[in-house]
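Q:
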């Protein structure tokens, strides 16, 4: 009797019992080892299940899925697939589902809804033109965003530091600034002989306005004591602007650069669709005109990649320059 | 070779402490609601090497006086001479230190301390090291200002001032926001630096005891507009103790001056 009582009453005995018998489900382990096989399974479906119609590049797509699946398994085995494992798994299944629904069962109306292999085919056959379009878009963007941002910072600092500049420039900014730059496009194409320059000028405007306003706000918010500290040690205006006002306003300036980049993307696409005869926007317009929807999706994909990469670069630069801040937004 | 002084050395500046002559200084602040007189006929002589404490009610204009001496502002009327030369603009020989450390958050401790050198385009890593050692912050040279405590930040501000080898240090309640223990430590630090570095000091404070312990002379100001009520030279034969009975007497005397005007005003 006493034996039974002690074995029931001892909590430690119970605990070890549970631990040894219960098989624990570990989600991290599951995602890690499920991601690769999910892609392989999808590859098998792509390869073996007959297409509902004559689609290009089906086998290439199966190879693509298989390679990704093998790479994921290799990454899992070497312990380098951790945080991204759930995403890799879901992406594999998602692509597989798309393949099944459209390429194998043809459940959605064509040609507006393409298949994964259609998209892959565009990259395989038209990559030269896509790359060329990307290059021209980047060129056009740089030609507008970079000068616009520099000009915006200069104007913003001048607004923050000089009463005269405020008096003359502020009303002009208030009239022109809030106007969507795209609204000026018809005018710009008439006034500026080159459509390319017109697009760049409007992108510069699109970027310059938010950068100028936020730089201005950052510079006016600088603690006057910062200037006093430098002045008492003999600093002149040049040092006060470049080494005190600008670094102090950097957090705000980057908000402006971020907003300006977004506005420039919008302006870039509009300019390329309406006048400039190159770039991803032009490619999309052209593809849509020929009802070449896979090409349009491919261009959209490349454009999204371009935009997110540029944003990431901007945030990396910001994180580096603002490493002195206690905390910062992570992109 | 010339004898090297134990403290920081910057050969480009003569290091003799600075003397000040203020005569009949008037100064007003101009605001939308009208102008407001803050300094009313202030005359004051400061000998080279003195440590003068300025005491008076809040907002009486003591800080304005420091800003005028620093050259950050010009007086409306009166003459202000530093070693016989009129003060027209800020100069690294007259450094002001504020109640807030006002360190630049985008510069490390080391970067903040080297500010004066950067402004003048000088490179002198040894002087920076010496200044960091002087305030005992060797381990924090690479830290960002937000990582420092209030006392450490104020020590950085002190080192940032001293690297300029100032001949006059203007202290605008530099210990006002520190907790009492840190404050005691910083008082000792300030006293030690004044003794060793050879500069004239002009310090605004609200703490009568602090003024009596550190200064060689205490000036008592009236409420705004500031006039000089009393000029009390202190000649302690040795470093005074906080419990010294003469200290308590002087403390009472200063309070009497202040209470008399506060009651009327």
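Protein chains in written order, with my numbering: chain A, 1 to 331; chain B, 1001 to 1265. From the three backbone atoms N, C-alpha and C, an ideal C-beta is built for every residue, glycine too.
With distances taken from CA atoms, which of A:174, A:54 and A:198 is nearest residue 184 of chain A?
A: A:198
Q: Residue range of the alpha helix (DSSP H) that residue 1043 of chain B falls in?
A: Unbroken run through residue 1043 of chain B is the beta strand (DSSP E), 1034–1046; no alpha helix (DSSP H).
Q: Let me make sure I understand the geometry here. Which of A:85, A:35 and A:83 has the alpha-carbon closest to that of residue 69 of chain A?
A: It is A:35.
Q: Helix, strand or coil: which one does DSSP assign to residue 1002 of chain B?
A: Residue placement at residue 1002 of chain B cannot be trusted, given a pLDDT of 40 that sits under 50; what the coordinates show is reported in the next sentence. Coil, per DSSP.
Q: With 8 angstroms set as the bound, which would you pick, yes or no: does the beta-carbon of residue 1025 of chain B sit closer than that to a beta-carbon of chain A?
A: no
Q: Which chain A residues sit within Cβ distance under 8 angstroms of residue 1164 of chain B?
A: 233
Q: Compare the beta carbon distance of residue 276 of chain A and residue 140 of chain A with 8 angstroms and say whether it is the shorter of the two.
A: Residue 276 of chain A places its beta carbon less than 8 angstroms from that of residue 140 of chain A.
Q: Assuming residue 128 of chain A and residue 52 of chain A form a contact by the criterion Cβ under 8 angstroms, report the distance between their Cβ atoms to the nearest whole angstrom.
A: 30 angstroms between Cβ atoms; not a contact.
Q: To which residues does DSSP link residue 1077 of chain B through a beta bridge?
A: B:1026
Q: Taking the alpha-carbon positions, what's the residue 265 of chain A to residue 282 of chain A distance?
A: It is roughly 14 angstroms from the alpha-carbon of residue 265 of chain A to the alpha-carbon of residue 282 of chain A.
Q: According to the Cβ coordinates, are residue 279 of chain A and residue 133 of chain A closer than 8 angstroms?
A: yes
Q: Locate the beta strand (DSSP E) running through residue 1170 of chain B, then write down its first and last residues.
A: 1168–1172
Q: Taking all protein chains shown into account, do 16 or more other C-beta atoms lie within 10 angstroms of the C-beta of residue 1051 of chain B, making it buried, or fewer, making it exposed?
A: buried
Q: In three-state DSSP terms, what is residue 1067 of chain B?
A: helix
Q: Taking the continuous beta strand (DSSP E) assigned at residue 221 of chain A, which residues delimit it?
A: Unbroken run through residue 221 of chain A: none, as it is neither H nor E.
Q: Using a beta-carbon distance below 8 angstroms, is residue 1249 of chain B in contact with chain A?
A: no
Q: By Cβ distance, which residues of its chain are closer than 6 angstroms to residue 118 of chain A, with the 5 residues on each side in sequence left out?
A: Scanning its chain for C-beta atoms nearer than 6 angstroms, with the 5 sequence neighbours on each side dropped, one finds around residue 118 of chain A the residues 294, in chain order.
Q: With a cut-off of 8 angstroms on the beta carbons, I'd call residue 1080 of chain B and residue 1072 of chain B a contact; round off their distance for me.
A: Actually they do not touch by this definition, with Cβ atoms about 12 angstroms apart.
Q: Using alpha carbons as the reference points, say which of B:1196, B:1149, B:1040 and B:1169 lies closest to residue 1228 of chain B.
A: B:1040
Q: I need the straight-line Cα distance from residue 230 of chain A to residue 172 of chain A, nearest angstrom please.
A: 33 angstroms
Q: Taking contact to mean at least 3 C-beta pairs separated by less than 8 angstroms, is the segment 89–103 of chain A in contact with the segment 36–44 of chain A?
A: Taking a contact to require three or more Cβ pairs closer than 8 angstroms, the segment 89–103 of chain A and the segment 36–44 of chain A qualify as touching.
Q: Distance, Cα to Cα, residue 1120 of chain B vs residue 1218 of chain B?
A: 34 angstroms
Q: Using 8 angstroms for Cβ pairs, my map puts residue 1078 of chain B next to residue 1146 of chain B. What's the rounded Cβ distance?
A: About 41 angstroms separates the two Cβ atoms, so there is no contact after all.
Q: What number of angstroms, rounded off, separates the C-alpha of residue 81 of chain A from the C-alpha of residue 44 of chain A?
A: Pairing residue 81 of chain A with residue 44 of chain A, the inter-Cα distance amounts to about 23 angstroms.
Q: Start and end of the beta strand (DSSP E) containing residue 25 of chain A?
A: Per DSSP, residue 25 of chain A belongs to no beta strand (DSSP E) and is neither H nor E.
Q: Determine, using beta-carbon pairs with one atom in the segment 1160–1178 of chain B and one in the segment 1119–1136 of chain B, whether at least three such pairs fall under 8 angstroms.
A: yes
Q: Report the three-state DSSP secondary structure of residue 1097 of chain B (helix, strand or coil).
A: strand
Q: Identify the contact partners of residue 155 of chain A in chain B, using a Cβ-Cβ distance below 7 angstroms as the criterion.
A: Simply none; closest approach about 22 angstroms.
Q: Are the C-beta atoms of residue 1199 of chain B and some chain A residue less than 8 angstroms apart?
A: no
Q: Going by Cα to Cα distance, which pick from B:1247, B:1248, B:1244 and B:1209 is closest to residue 1055 of chain B?
A: Shortest Cα-Cα distance from residue 1055 of chain B to any of B:1247, B:1248, B:1244 and B:1209 involves B:1209.
Q: Please list, in chain order, the residues of the segment 1084–1105 of chain B that have any C-beta partner in chain A closer than 8 angstroms.
A: Listed by position, the residues of the segment 1084–1105 of chain B near chain A (Cβ gap below 8 angstroms) are 1090, 1091, 1092, 1094, 1095, 1096, 1098, 1100, 1102, 1104 and 1105.
Q: Should residue 226 of chain A and residue 1104 of chain B be called a contact, given that it needs their Cβ atoms to be closer than 8 angstroms?
A: yes
Q: Report, in whole angstroms, the separation of the C-beta atoms of residue 314 of chain A and residue 261 of chain A, which I expect to be a contact under 8 angstroms.
A: 6 angstroms
Q: What is the C-beta distance between residue 32 of chain A and residue 85 of chain A, in whole angstroms, given that I count them as a contact (C-beta under 8 angstroms)?
A: 5 angstroms
Q: Let me confirm a value: residue 200 of chain A is counted as buried when at least 16 other C-beta atoms fall within 10 Å, else exposed. Which label applies?
A: With 16 or more Cβ atoms within 10 Å of its Cβ, residue 200 of chain A is classed as buried.
Q: If residue 1150 of chain B sits next to residue 1178 of chain B, beta carbons under 8 angstroms apart, how far is it from one beta carbon to the other, in whole angstroms?
A: 5 angstroms
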